[in-house]
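Residue numbering for the sequence shown is 1 to 149, as defined by UniProt numbering.
Here the structure is laid out as structure tokens; the discussion comes afterwards.
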Amino acid sequence: MTTTEPQPEESAAPPFILYLDGEEYIDEMGRLALWVSDLLLPVYGREVTSQQPWCPRWWEHLEAVARLHALWLAWQELTDPAAGATGPSVWHRDHLAPVLGELRSPTGPFAGCKEGSHRVKAVPKAEPYVAPGAGGGQKEPDPYETSLW
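As structure tokens, this is what we get:
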């Protein structure tokens with residue numbers, strides 16, 4: 001006679017923060033802010049310079065929220081013992097270094113921020129999409145034109 005042990009239910013991955021709103025977003029931001037202030041910055045925070053900016057109001061930069069949340073989700077998964085002995089190394093190489101490199105780049109989302117001064121970068125504008133032939137002044141592409149730009 002064989003018995004089978006009940007298998008633990010696989011929990012669904014938490015939703016990415018940009019898919020949340022209302023109380024769910026606020027609660028997730030609170031958890032993310034705690035992780036950033038209590039683990040990420042004390043362990044991995046480096047001196048702030050013009051070449052390596054950081055914004056103390058990082059949560060006001062949506063790109064930073066998205067990148068830090070993705071970094072935190074990866075940290076939760078890859079620092080779990082189930083990830084194996086190399087999980088933390090993979091997190092450092094594949095997640096931490098690229099995210100901090102982008103966030104702290106002189107052209108990244110914190111580029112306009114300085115100690116005691118916060119500046120949200122202007123968002124590029126995009127015109128509404130109009131399908132070809134649907135009007136709106138869009139011309140049909142010329143198949144003999146050599147450049148699409």
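Note that the Cβ used here is the ideal one computed from N, Cα and C, for glycine as well.
Model, not experiment: these values are computed from the prediction.
- Taking the C-beta atoms as reference points, Trp54 is found nearer than 9 Å to Phe110.
- Per the Cβ contact rule, the stretch 62-74 is in contact with the stretch 30-50 (3 or more Cβ pairs under 8 Å).
- Under the three-state reduction of DSSP output, Ser105 falls in the coil class, being neither helix nor strand.
- Secondary-structure assignment with DSSP links Ser117 through a beta bridge to Lys114.
- Residue ranges of uninterrupted alpha helix (DSSP H) with 4 or more members, entirely inside the stretch 40-76 and ordered along the chain, are 41-44.
- In the assembly as shown, Ile26 is an exposed residue. Its beta-carbon has fewer than 16 other beta-carbons within 10 Å.
- Residue burial annotation: Leu96 is buried, with at least 16 other C-beta atoms found within 10 angstroms of its C-beta.
- In this structure Arg104 is buried. Its beta-carbon is surrounded by 16 or more other beta-carbon atoms within 10 angstroms.
- Under a 10 Å Cβ-count criterion, His61 is classified as buried, with 16 or more other Cβ atoms of the shown protein chains found around its own Cβ.
- At least 9 Å separates the beta-carbon of Leu73 from that of Pro128.
- Of the other Cβ atoms in all chains shown, fewer than 16 fall within 10 Å of the Cβ of Gly30; this residue is therefore exposed.
- Here Val48 is actually not in contact with Glu102; their C-beta atoms are around 16 Å apart, not less than 8 Å.
- The three-state reading of DSSP puts Tyr25 in helix, counting H, G and I together.
- Distance from the CA of Val123 to the CA of Glu63, rounded to the nearest whole angstrom, comes to 11 Å.
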